[in-house]
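> With the sequence shown counted from 1, adding 1444 to any position gets you our numbering. Even for Gly, the Cβ is constructed at its ideal location relative to N, Cα and C. Keep in mind the model is a prediction, meaning the values are calculated, not measured.
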Amino acid sequence: MVAASHEPQVSSSQVLVASNRGPVSYTLGDDGSLTAKRGGGGLVSGLSAIGSDADAVWVCAALGEGDRAAARRADGLLPQTDTAGQRVRMLDIPAGTFADAYNGVANSVLWFVHHLLYQTPLEPAFDTAFETQWAAYEAYNTAFADALAHDAEPGAAVLVQDYHLTLVPALLRERRPDLRIGHFSHTPWAPADYYRLLPDDTAAAVLRGVLGADRAAFLTRRWAEAFAACCADVLGASVERDGEGLRVTHDGRTTRIGVHGLGADADFLRERAHRPDVAERMAALREQIGTGDDGAPRRTIVRVDRTELSKNIVRGLHAYRRLLTEQPQWRGRVVHVAFAYPSRQDLAVYREYTAEVSRVADGINAEFGAGDWTPVVLHVKDDFARSLAAYRLADVALVNPIRDGMNLVAKEVPVVSDDGCALVLSREAGAAAELGADALVVNPYDVRDTARALHEALLMAPDDRAGRTKRLAAAATALPPQRWFLDQLAALRG
1445 MVAASHEPQV SSSQVLVASN RGPVSYTLGD DGSLTAKRGG GGLVSGLSAI
1495 GSDADAVWVC AALGEGDRAA ARRADGLLPQ TDTAGQRVRM LDIPAGTFAD
1545 AYNGVANSVL WFVHHLLYQT PLEPAFDTAF ETQWAAYEAY NTAFADALAH
1595 DAEPGAAVLV QDYHLTLVPA LLRERRPDLR IGHFSHTPWA PADYYRLLPD
1645 DTAAAVLRGV LGADRAAFLT RRWAEAFAAC CADVLGASVE RDGEGLRVTH
1695 DGRTTRIGVH GLGADADFLR ERAHRPDVAE RMAALREQIG TGDDGAPRRT
1745 IVRVDRTELS KNIVRGLHAY RRLLTEQPQW RGRVVHVAFA YPSRQDLAVY
1795 REYTAEVSRV ADGINAEFGA GDWTPVVLHV KDDFARSLAA YRLADVALVN
1845 PIRDGMNLVA KEVPVVSDDG CALVLSREAG AAAELGADAL VVNPYDVRDT
1895 ARALHEALLM APDDRAGRTK RLAAAATALP PQRWFLDQLA ALRG
């Protein structure tokens, strides 16, 4: 066995995090003023759990003109009054370089590969445009590696996040071999045959980049195994079992492979779901949903997603149409509450997909709607409080992605459900590994199978539904964000 590193290690409590999106974003006013807005999520929660002695630094990219203006005014290191006391370095990467790296490679190539989204008779076609975009992706990753190398104390721990930054671990190791470097993938990882759609040199560069880490981690064992298989197939790396984990050895060094299944933050969700703004939105949704001819509240099938191609919203709508066609007893008695928040609208294929979601929903309403019954209640404006209101009201949650690293919606709904919720869950969601025993698991491509599961979910006895919801909530919160983050840090340092 080759040792993980031959370099001397210097002990340090410092922690650095690198991610495309940071914990704060800025809006630039007409008068040149900047307004900061803090974000949330697992990284924010996790970083807050490590304590002030970690001297943490978060390195992120400026995503828009407001961010770039803030980064320039602060010389990169943002005012801690804007960041809740966190040290945040925001990189002012040239807008063209960022666009080619983020949209051209990360979201239009790596995301498509890992989510198996290509229509292969027509795409991909890697030509001169891709070569330019790949050079930008390299420059973007290099900017992160340089910033991390500058800010890291000797022996610090660095946690690099996701498919945007796959090259950073190896680049950083070249600059700072004393550091402990981890990489975490929040997406699935493609099987080896599909991964090889990438140009050979690109496929190898991404793998070598991640293998620059001391430890690479994934949301499920399935994605970790797929990554190791790609390393063996593309690089000729050796893969060994190490108890519950894996070790990948290539080019004289070994990277440990781990699994950390990010869970829902139960305390935050339950508190947030009972604030007055959520109650107001629940009342509005109940009015939209209405009551059936018997005077009873209509049943609800809820989904909350971005209009991301992998979320499979259109097939979900077709399954609902089939439910109404084949099980007419549900007409007038059930409403599909579909929150489909526009995503990546600067890419034409996403704009077209968002338009198709609206077209199919409108078609179902035109075909089946009658009286005060609107079969599909579609909302396209992002509203977290309204999403929580829908979670609380849901009789059935539909989570049917083509492929998903985890899918936190599947974990969040059972946590805040008021009266119990049946979960219809794609077998291709990472969450299925933890929640599958108490969900109704479906093939996301099979519209008939999904319609059958929706019917079964609506018929589920209240006691069965309540018991399943309790078990789903327990599984969903087993590894909350703070512990998820700290476990990775402990494993990296260990």
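Give a yes or no on whether the C-beta atoms belonging to alanine 1866 and valine 1722 are separated by under 8 Å.
Against a cut-off of 8 Å, the Cβ pair of valine 1722 and alanine 1866 comes out as no contact.
> Going by C-alpha distance, which of Asp1511, Asp1890, Arg1871, Asp1893 is nearest glycine 1476?
Cα-wise, what sits closest to glycine 1476 is Asp1511.
> For serine 1398, does the three-state DSSP call read helix, strand or coil?
With the chain covering only 1445 through 1938, there is no way to say anything about residue 1398.
> Leaving out five residues before and five after arginine 1937 in sequence, what residues of the same chain have Cβ atoms less than 7 Å from its Cβ?
Excluding sequence neighbours, arginine 1937 sits near Ala1601, Arg1624.
> Alpha carbon to alpha carbon, what distance is there between threonine 1699 and serine 1449?
Any reading at serine 1449 must be qualified, since the residue scores a pLDDT of 37, below 50, and its modelled position is unreliable; no value is offered.
> By DSSP's criteria, arginine 1685 is part of a beta bridge. Which residues make up the other side?
Arginine 1685 is bridged to Leu1690.
> Let's test the definition: count the other Cβ atoms within 10 Å of the Cβ of valine 1454 and tell me whether it reaches 16, buried, or not, exposed.
Note that valine 1454 scores a pLDDT of 41, beneath 50, so its modelled location is shaky; the value from the coordinates is reported in the next line. Exposed, since its Cβ has fewer than 16 Cβ neighbours within 10 Å.
> What beta strand (DSSP E) runs, 3 residues minimum, are completely inside the segment 1864-1926?
List check, beta strand (DSSP E) in window: 1866-1870, 1884-1886.
> What is the residue span of the alpha helix (DSSP H) that isoleucine 1757 lies within?
Counting along the chain, the alpha helix (DSSP H) containing isoleucine 1757 begins and ends at 1757-1770.
> Quick one, which of Val1468, Val1886, Arg1759, Gln1732 has its alpha-carbon nearest aspartate 1816's?
When each option's Cα is compared against that of aspartate 1816, the closest is Gln1732.
> What is the residue span of the beta strand (DSSP E) that histidine 1780 lies within?
1778-1785 is the span of the beta strand (DSSP E), which, as asked, contains histidine 1780.
> Would you be able to state if there are at least three C-beta pairs under 8 Å between the segment 1905-1912 and the segment 1861-1879?
In short, these stretches touch, since the Cβ pair count reaches three.
> In whole angstroms, give me the CA-to-CA distance for leucine 1818 and arginine 1742.
According to the sequence provided, residue 1818 is threonine. The question's leucine does not apply to it. Those two C-alpha atoms are separated by around 11 Å.
> Take aspartate 1839 and list the residues in its own chain whose beta-carbon comes closer than 6 Å to its own, dropping the five residues that flank it on each side.
Excluding sequence neighbours, aspartate 1839 sits near Arg1743, Thr1744.
> Under a three-way DSSP split, which group does leucine 1615 fall into?
Looking at leucine 1615 - three-state DSSP - the assignment turns out to be helix.
> Buried or exposed: which applies to tyrosine 1797, given that a residue is buried once 16 or more other Cβ atoms fall within 10 Å of its Cβ?
Tyrosine 1797 should be labelled buried.
> Suppose contacts are defined by Cβ-Cβ distances below 8 Å. Is leucine 1472 in contact with alanine 1506 by that definition?
Against a cut-off of 8 Å, the Cβ pair of alanine 1506 and leucine 1472 comes out as no contact.
> Whole angstroms is fine: what's the gap from alanine 1727's alpha carbon to alanine 1919's?
Going by the C-alpha atoms only, they are around 30 Å apart.
> If we count Cβ pairs, one from each stretch, closer than 8 Å, do we get three or more for the segment 1584-1599 versus the segment 1522-1529?
No contact exists between the segment 1584-1599 and the segment 1522-1529.
> What distance in whole Å lies between the Cβ atoms of alanine 1784 and valine 1953, which are believed to be in contact at a cut-off of 8 Å?
Any answer about residue 1953 is impossible in this case: the structure gives the chain only from 1445 up to 1938.
> Quick check on alanine 1448: does DSSP put it in helix, strand or coil?
In this prediction, alanine 1448 has a pLDDT of 37, which is less than 50 and means its spatial position is unreliable; what the coordinates show is noted afterwards. The answer is coil: DSSP assigns alanine 1448 none of H, G, I, E or B.
> Sort out for me which residues DSSP pairs tyrosine 1794 with in a bridge.
Per DSSP, none; premise fails for tyrosine 1794.
> Ignore the nearest five residues each way along the sequence and tell me which others in leucine 1641's own chain have a CB closer than 7 Å to its CB.
Result list for leucine 1641: Val1557, Tyr1562, Pro1568, in chain order.
> Alpha helix (DSSP H) containing cysteine 1675: first to last residue?
No alpha helix (DSSP H) holds cysteine 1675; DSSP gives it neither H nor E.
> Measure the C-alpha to C-alpha separation of valine 1549 and proline 1538 and round it to an integer number of angstroms.
When rounded, the distance between both Cα atoms is 16 Å.
> Considering only C-alpha positions, which residue in the set Ala1829, His1594, Ala1649 is nearest to valine 1748?
For the residues Ala1829, His1594, Ala1649, the minimum Cα distance to valine 1748 belongs to Ala1829.
> Could you give the DSSP three-state label for tyrosine 1562: helix, strand or coil?
Residue state, collapsed to three classes: coil.
> Rounded to whole angstroms, what's the CA-CA distance from glycine 1656 to tyrosine 1607? Just pull it up for me.
Those two C-alpha atoms are separated by around 14 Å.
> Would you tell me roughly how many angstroms separate the C-alpha atoms of glycine 1508 and valine 1612, rounded to the nearest one?
Cα to Cα, the separation comes out at about 22 Å.
> Let's test the definition: count the other Cβ atoms within 10 Å of the Cβ of valine 1793 and tell me whether it reaches 16, buried, or not, exposed.
Counting Cβ neighbours within 10 Å, valine 1793 comes out exposed, since fewer than 16 surround it.
> Taking only the alpha-carbon atoms, compute the straight-line gap between alanine 1447 and tyrosine 1835 and give it to the nearest angstrom.
Residue confidence is low: alanine 1447 scores 36 on pLDDT, short of 50, so the model does not pin down where it sits. No coordinate-derived value is stated.
> If you pair each beta-carbon of the segment 1627-1640 with each one of the segment 1671-1678, do three or more pairs fall below 8 Å?
In short, these stretches touch, since the Cβ pair count reaches three.
> Among the candidates Val1468, Ala1854, Gln1926, whose CA atom is the shortest distance from the CA of glycine 1880?
Of the listed residues, the one whose Cα sits closest to glycine 1880 is Ala1854.
> For glutamine 1789, count neighbouring C-beta atoms within 10 Å of its own C-beta (all shown protein chains included) and say buried if the count is 16 or more, exposed if not.
Burial call: exposed.
> Helix, strand or coil for aspartate 1709? Go by DSSP, reduced to three states.
Of the three classes helix, strand and coil, the one that applies to aspartate 1709 here is coil, per DSSP.
> Comparing C-alpha positions only, which one of Ala1782, Gly1680, Ile1494 sits nearest to aspartate 1826?
Answer by Cα proximity: Ala1782.
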